[in-house]
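Right, one structure below, let's go through it.
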Amino acid sequence: MASCRQQVDLAIVGGGPAGLAAALAAQEAGVESICVYERDERLGGILNQCIHNGFGLHRFGEELTGPEYAERYIDALIDAGVDYQVGTTVLNITPDLEIMASSAQGVQVVQAGAIVLAMGCRERPRGALSIPGYRPAGIYTAGTAQRLVNMEGFMPGRRVLVLGSGDIGLIMARRLTLEGAQVVGVAELMPYSGGLKRNIVQCLEDFDIPLWLSCTVVGILGKERVEAVTLAQVDSAGAPIAGTERTLECDTLLLSCGLLPENELSRQAGVTLNKATGGPIVTQSLETSVHGIFAAGNVLHVHDLVDYVSEEAAQAGRAAAAYLAVRSREPECLRFPAAEKQTRQPVAQYEQEAAAISSTYAPIALEAGTGVRYSVPSTIDVGCLEGPAQIRFRVANVFKDASLVVQGRTRQGEQVEVLRRNKPAMVPAEMETVAIPAAKLLTEAGEPWVGLTILVEEAS
1 MASCRQQVDL
11 AIVGGGPAGL
21 AAALAAQEAG
31 VESICVYERD
41 ERLGGILNQC
51 IHNGFGLHRF
61 GEELTGPEYA
71 ERYIDALIDA
81 GVDYQVGTTV
91 LNITPDLEIM
101 ASSAQGVQVV
111 QAGAIVLAMG
121 CRERPRGALS
131 IPGYRPAGIY
141 TAGTAQRLVN
151 MEGFMPGRRV
161 LVLGSGDIGL
171 IMARRLTLEG
181 AQVVGVAELM
191 PYSGGLKRNI
201 VQCLEDFDIP
211 LWLSCTVVGI
221 LGKERVEAVT
231 LAQVDSAGAP
241 IAGTERTLEC
251 DTLLLSCGLL
261 PENELSRQAG
271 VTLNKATGGP
281 IVTQSLETSV
291 HGIFAAGNVL
301 HVHDLVDYVS
311 EEAAQAGRAA
321 AAYLAVRSRE
331 PECLRFPAAE
341 KQTRQPVAQY
351 EQEAAAISST
361 YAPIALEAGT
371 GVRYSVPSTI
381 DVGCLEGPAQ
391 IRFRVANVFK
401 DASLVVQGRT
411 RQGEQVEVLR
421 RNKPAMVPAE
431 METVAIPAAK
441 LLTEAGEPWV
451 GLTILVEEAS
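The UniProt record's numbering numbers the first residue of the sequence shown as 1 and each following residue consecutively.
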């Protein structure tokens, strides 16, 4: 097996929508040496199997299918002359920004000046759901079924039950119906849907497919092939209620029970992860706890719309370009930390000097308060802002006619209201965004808040 060593200014791990947008933004910002590493045989990631429309309304102002959306970025990437490698799996990333990747051509070790993590997310498998019963054929994640139908031309079953109301599950309920299957229903553990409202309407209501809330699968019948499933209602704690069981005949069970950011490589690199999102903890520049490593898209936190993934990834690409612009003024041994281990002392000295002058203010810590499940980023450096601070977050429950409140915490521990927005409706399935003007990040004394808390106040 061949092996080679290379150097690249910016390495992007993942050639899906996030990786493509980050690469283009970095190239437009002046980074010359960029390489995108994609483990699949083609660029585009999950978009290649999403043949339904609904993509691009925010980014391009028109409705596109997933492959059409991906093609816009792939064509732009090729026109810009950005390097990419498909069929290439990144095996390891070190804290020194060294990448090991494997392909049919062999193993390569790449020393990067900066890295953008864009690995996306994966579906929660059956093993993580603790569903009792046998392990027969006919159980698929919704994304696997989507790939089988849309790319392989294979029907997973003829009588289908969907567990979980995530967007992929809703879309596949419609897709399988159009292909001639009977979708008996969608069961959702929570008392609200996990998918976008438009998908509830277009994929279920328009096709008379029932949605059962506060309901889950408590048993799978069949040894060789799924023959039926047993459903039960659940209480407020998610526990099955005795006496509510009912059995439905089906030959296929699709699982659409959540997405998990793909962060095994992030852990190897020493990146600190957020327990609430499953993705890296990042600054407002989308830089992780490891200097020079940035993250964007579903590897950071799960998004609703690919348009928002592209927007966030472009921000990461520009931030990586700015980071490289600063590093370009250093000696080579500092730009590529793993290149010469004996230079660790001057590297440490540089880092100390850089830390002393990086910002006038200490970063502001962001926290998710009452009614908010998580917020991104985790810190805001006021000295590095070029405009309002963009905060993305998800609420923990369904709220109607509520107020979104941002509170600042002083050095004395006092909580002061900084911002308030009236919101007619907020649901966990839809990511929310709030822009905090730079002036509101400072106290009346001109100092930054020690921390900011984002919370929801319900109408009394």
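The beta carbon of each residue, even a glycine, is placed where N, CA and C say it ideally should be.
DSSP places Cys-215 in the strand class (E or B) of the three-state scheme. Taking Ser-310 as reference, the option from Gly-19, Ile-12, Pro-95 and Gly-153 with the minimal CA-CA separation is Gly-19.
For the 7 Å CB-CB criterion, Leu-43 and Ile-74 form a contact. Taking a contact to require three or more Cβ pairs closer than 8 Å, the stretch 157-176 and the stretch 203-213 qualify as touching. Taking 8 Å as the upper bound for CB-CB distance, Val-90 and Ala-101 are in contact here, some 5 Å apart. Your pair Cys-121 and Val-8 does not check out as a contact, with CB atoms roughly 25 Å apart and the cut at 8 Å.
The residues Val-405 and Gln-407, in chain order, have a CB closer than 7 Å to that of Glu-417 in the same chain once the five nearest residues on each side in sequence are set aside. With a 10 Å radius around the Cβ and a threshold of 16 neighbouring Cβ atoms, Arg-394 comes out buried.
By the neighbour-count definition (other C-beta atoms within 10 Å, threshold 16), Pro-210 is an exposed residue.
In this model, Gln-182 and Glu-432 are separated by some 35 Å (Cα to Cα). For Ala-228, the enclosing beta strand (DSSP E) covers residues 228-233. Counting only the Cα atoms, Gln-111 lies some 46 Å from Leu-189. In the three-state DSSP reduction, Gly-169 falls in the helix class (H, G or I). Residue environment for Phe-399: buried (at least 16 other C-beta atoms within 10 angstroms of its C-beta). Scanning its chain for C-beta atoms nearer than 6 Å, with the 5 sequence neighbours on each side dropped, one finds around Thr-230 the residues Val-218, Gly-219, Glu-245 and Thr-247, in chain order.
For Gly-143, there is no enclosing beta strand (DSSP E); the residue is found in the alpha helix (DSSP H) stretching over 142-150. In the three-state reduction of the DSSP assignment, Ile-93 falls in the strand class, which pools E and B. Here Gly-66 is buried: its Cβ has 16 or more other Cβ atoms, across all protein chains shown, within 10 Å. In chain order, Val-149 and Met-155 place their CB closer than 7 Å to the CB of Glu-179, counting only its own chain and leaving out the 5 sequence neighbours on each side. Taking the Cβ atoms as the reference, Ala-70 lies roughly 17 Å from Gly-317, outside the contact range of under 8 Å. For Ser-375, the CB contacts under 6 Å within the same chain, skipping 5 residues up- and downstream, are Leu-366, Ala-368, Ile-391, Phe-393 and Ile-454 in chain order.
Taking C-alpha positions only, Leu-213 is separated from Gly-185 by approximately 11 Å.
Contact check for Ala-321 against Ala-76 fails: the beta carbons are separated by 7 Å or more. Taking a C-beta distance under 7 Å as the contact criterion, Ile-281 and Ser-378 qualify as a contact pair. As computed with DSSP, Asn-422 is found in a beta bridge with Ser-403. Less than 7 Å divides the Cβ of Lys-423 from the Cβ of Ala-402. Taking every protein chain shown into account, the CB of Ser-266 has 16 or more other CB atoms within 10 angstroms, so this residue is buried.
When the five nearest sequence neighbours on each side are left out, the beta carbons in the same chain lying within less than 8 Å of the beta carbon of Asp-304 are those of Asp-167, Leu-196, Ala-429, Glu-430 and Met-431, in order along the chain.
Contact annotation, Leu-441 with Val-372: C-beta distance approximately 18 Å; criterion of less than 8 Å not satisfied. In the DSSP annotation of this structure, the continuous segment of the alpha helix (DSSP H) that includes Gly-66 starts and ends at 66-80. Of Phe-207, Leu-255, Gln-105 and Met-151, the smallest CA-CA separation from Ala-128 is found for Leu-255.
Residue pairing by DSSP places Asn-298 opposite no residue, since no beta bridge is assigned to it. Setting aside the 5 residues that flank it on each side, Ala-295 is surrounded in the same chain by Val-116, Leu-117, Ala-118, Ser-266, Val-271, Gly-279, Pro-280, Val-282, Leu-286, Thr-288 and Ala-316, each with a C-beta closer than 8 Å to its C-beta; the list follows chain order.
Beta-bridge partners of Leu-24 (DSSP): none assigned.
DSSP places Gln-49 outside any beta strand (DSSP E), giving it a letter other than H or E. Under DSSP, the beta-bridge partners assigned to Tyr-374 are Arg-394.
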